[in-house]
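As structure tokens, this is what we get:
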């Protein structure tokens, strides 16, 4: 892998400056969670060494799409649980979904 877990952690922190993560009251430290995830992702990337560039790209895109979907679902569940309305952009996105394909 061309990036170390420590370098990936630093990149994660840079991205979080624009979109901070709310770790709330989790019983784990932010640094520990970043280290866990960066190590896991670097291991995943190393396991793809034998993949073609296209297969690596498709795999990483699929993983990212799954994580974004999971994040969206968890955020919607959390907002509903606390009676907080969705943002305009999230509500617009879900409205398109309710209207069906091609909306």
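Numbering (my numbering), first residue to last: -18 to 84.
We put the beta carbon where it would ideally sit given N, CA and C, even for glycine.
Own chain residues within Cβ distance below 8 Å of residue i, not counting five before or after
i	result
residue 16	-14 and -10
residue 14	4 and 7
residue 66	60 and 72
With 16 other Cβ atoms within 10 Å as the buried cut-off, status of residue i
i	result
residue 19	buried
Reference residue i; option with closest CA among the options
i	options	result
residue 37	22, 49 and 81	22
Local conformation of residue i per DSSP, three classes
i	result
residue -14	helix
residue 63	coil
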